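Protein chains in written order, with my numbering: chain A, 7 to 509; chain B, 7 to 509. Read the structure below first, then the notes.
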């Protein structure tokens, strides 16, 4: 007979396989699925998700977990897997299925209202639905339980162990340093700037853009035997298994930035997914301990590597060869300056590295107030605009460029935004640690060799998977947990040089 | 509370959704999956299949079925759905899971041995594995139950209701007519033949071939909003839902026949899948009642339509425009003659319409002997070669061109081959019925209009789905069940004209 631990392992594998099927169905939905198939696909995904839920909360799983966790002979990995599954299961069990269904129904309604509100540039068309979702998320937080701060319960889904009490002072300190940095750079030109290069009338051929994305993914060590890249409207990383990792990108004719930096970004996620230890496949250990740590890998490759000076030493000649007309007579320094241009702007997903985290802090502060019921929705657009003015010195002309821009709240997702900034902070700290550990890192990057960095990250971040919580994992690598020090130092050094100012 | 029938419906939908996920995972495996992902994919498919089995045989389903089938208020459709599910479930329940596992294990071993035997052209390397699979299939047939003929129990999986007693005389009579037909044509040239056109040194550009497959699928009324075509090594029709039907094709540089007739063939399957009634989606009614009837749809489009004279009236000018060099100075009649060339040959999947069914009859006769334990495996290659000589007048030079050519037996699939001939016979009868019902059919086809035929098949075959067994469905349309009359008359008329002989 199988032991409880063996039965648990089989169930973990089954849950992972269901997750893999969901991953493939979702990837297909965004890449190759015919448009008329959306209803059928929604039914399939609904069935897979509800089966997955049912197999997780099944009473026998509770029994196996209890028996397993009392077993003194468990290896540390076995214990960790059981604990992780138990945490997932406890949360799932606590959530009444009526609440799950109601959230799903209200999400659909809210998405429709959000689209309508955007079309008419009128936040009030969306407000009642957002109100309802907020009430449901508060109920969800209460069902999961918390120590008085509902936001903590929502954060827990994305950043296990993170708390408002830990996060707020970090984001406050970051904001206090970023606002003056933005002021110092806003309105200035980079020393080597040539604004006509990107996003203007120059054209960058599709085929050459596509080839460069494949080239840079190969250079990063992304394994095309265990993954692939396709096109989609909104780039993402998905797939069904660590040996089946699917990246997507999108091409714009007037600039190779979305495709190329998109490939670096999704490739960073993809390396995490491909980097889990083979013995951990189909178990809870083959996972990132947090969304923030996952995002740190995409951002590290996109920004610390891809927007760095050394990187373009190798890649700019390749860009010039790929786009001989658009980049004729352009210097490496100008191209590097343009992919790092700082410009306060309304839309988060288009923001540069310096302003980006202020968009996040703004959302975090507002979400916290909303979850605490300390900000009436009627005042939300005003609160948004006031903070935009305060942090970035600009005021959105309409709510589509302001409070209505993200889909997250229309999905009723609160607590996700901070993971982007956690990703930025972890990325900077991990990159600084890599520089200390790999003395030739910048020369290697300048000569096109990215594999040393890939191996460093694989060993220190990817292969350990979910053995430690995110912050402990970072501490084990860098000697320090969550900090803004490395990120702010990185910005000051880089943008001081690019803009010729002392920051 | 839900009634038993409502609970049953929900379970039927769930099973269909699981089948849809399996369909997508399988399609992806043959089209876009990276090569390193096969182990992970096998695990996912295994989990989905075993969950599907578990949800079908679950005791509550038996209770719901019993209660539902006693309910006098059931509509005929509800009753039919319950009966169909009950038949599937009864068969699944009867099969010991140890036998299912053993078959899976022996299939893998047999596939390996079959590849090895092919590499060394030595049937004896495969024989012991085939022996084991035969024993297991006999055990499976006994577990399912039968009236003394084990083959009936295996046939039942593909052709519910079909029996050896019904099938044998039909195939005997067919054989008796085909053997002289083949003799009369073998070694002759079609009147307008030009053998250098196809499969020789002329080249047919990839892009033009691909476009023609899309054009003909569109002309057939295949809905690209509810399906798509991709490339794969072995063409097939799959997908996840009637609004998500995936066709594949393959391109050969020296002949457009595999791609174009492949598209007609898979498109015929695809129209069946897209043609189910919307109210039947995600129920057992949205299915073909048999593999033979499904095959009748692919063969009708490939052969009765696509290899017909009228068809090339419209399509040959398009082929000439697409392949101006390869088809320069070629007449429509010559092209039509070449896509209908008759030539006894060793390999079933490359056989023409006249010889094809003799390949099938040969396999059927041998399978029947093997299942009855009336032919020692040591004598199988000899029995194969003797029949080839008797039916087609040729003897395979080695077992790879003979008894080792198909993967079916290596998979342990017995009872599948006859569905190909059932498809041929049904196709001819259904096409003859369509000609009677649509007096302008040949003119329509000659002018490129295929939608009248599509609509006729949709109304009479596709939309009714699984409401009637296959032969009853055919009888409802043609006035007669399974018969070789229409097929043989079709061959005599067509090939008599093409070869200028009286058949």
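Here a beta-carbon is modelled for each residue, glycine too, at the ideal position from N, C-alpha and C. Since the model is a prediction, treat every value here as computed from it, not as a measurement.
Contact between the segment 414-425 of chain B and the segment 372-389 of chain B is established, with three or more Cβ pairs separated by less than 8 Å. Spatial neighbours of residue 300 of chain B in its own chain (CB-CB distance under 7 Å, excluding positions within 5 residues in sequence) are listed in chain order as 275, 278, 294. In this structure residue 31 of chain A is not in contact with residue 125 of chain B, their Cβ atoms being roughly 38 Å apart against a cut-off of 8 Å.
Check the Cα spacing between residue 257 of chain B and each of B:246, B:247, B:272, B:237: the tightest is with B:237. Residue 160 of chain B sits buried, since 16 or more C-beta atoms from the chains shown fall within 10 Å of its C-beta.
Residue range 170-191 is occupied by the alpha helix (DSSP H) that includes residue 188 of chain A. When only Cα atoms are considered, residue 140 of chain B and residue 418 of chain B end up about 7 Å apart.
When the beta-carbon positions are compared, residue 269 of chain A and residue 254 of chain A stay at least 7 Å from each other.
In this structure, the alpha-carbon of residue 155 of chain A lies about 9 Å from that of residue 147 of chain A.
Cα atoms of residue 408 of chain B and residue 132 of chain B: separation of roughly 13 Å, rounded to the nearest angstrom.
By the C-beta density criterion, residue 280 of chain B is buried, having at least 16 other C-beta atoms within 10 angstroms. Pairing residue 231 of chain A with residue 196 of chain B gives a Cβ-Cβ distance that is not under 7 Å.
Excluding five sequence positions before and after residue 460 of chain A, the CB atoms of its chain that fall closer than 7 Å to its own CB belong to 226, 227, 277, given in chain order.
Within the same chain, and ignoring the five residues on either side of residue 214 of chain A in sequence, the residues whose Cβ sits closer than 7 Å to its Cβ are 328, 329.
The Cβ atoms of residue 290 of chain B and residue 90 of chain B sit closer than 7 Å to each other. Under the rule that a run must span 3 or more residues, the beta strand (DSSP E) segments found entirely inside the segment 209-262 of chain A read 233-237, 243-247, 250-255. For residue 250 of chain A, the nearest CB of chain B lies under 7 Å from its own CB, placing it at the interface with that chain. Between residue 490 of chain B and residue 436 of chain B, the C-beta spacing is not below 7 Å. The C-alpha of residue 343 of chain A lies about 59 Å from the C-alpha of residue 320 of chain B. For the C-beta of residue 23 of chain B, the chain A residues within less than 8 Å are, from N- to C-terminus, 49, 50, 52, 53, 54.
Contact annotation for residue 282 of chain B against chain A: no contact, minimum CB-CB distance about 12 Å [criterion: below 7 Å]. Per DSSP, residue 414 of chain A is not a residue of any alpha helix (DSSP H), being assigned neither H nor E. In this structure, the CA atom of residue 420 of chain A is about 37 Å from the CA atom of residue 44 of chain B. Residue 16 of chain A has a beta carbon lying at 7 Å or more from every beta carbon in chain B. DSSP links residue 165 of chain B through a beta bridge to B:296. Counting along the chain, no alpha helix (DSSP H) covers residue 400 of chain A, and no H or E run does either.
Per the Cβ contact rule, the segment 449-459 of chain A is not in contact with the segment 484-503 of chain A (fewer than 3 Cβ pairs under 8 Å).
Shortest Cα-Cα distance from residue 416 of chain B to any of B:105, B:311, B:122, B:152 involves B:122. With 16 or more other Cβ atoms inside 10 Å of its own Cβ, residue 250 of chain B counts as buried. With respect to chain A, the C-beta atom of residue 502 of chain B has no partner C-beta closer than 7 Å.
The beta carbon of residue 150 of chain A sits closer than 8 Å to the beta carbons of 97, 100, 101, 159, 162 from its chain, once the five residues preceding and following it are set aside; these are given in chain order. Straight-line measurement puts the Cα of residue 157 of chain A at about 13 Å from the Cα of residue 142 of chain A.
Distance from the CA of residue 144 of chain B to the CA of residue 109 of chain B, rounded to the nearest whole angstrom, comes to 11 Å. In the three-state scheme derived from DSSP, where H, G and I count as helix and E and B as strand, residue 365 of chain A is classed as helix. Under the Cβ distance rule, residue 469 of chain A does not count among the residues neighbouring chain B, no pair being separated by less than 7 Å.
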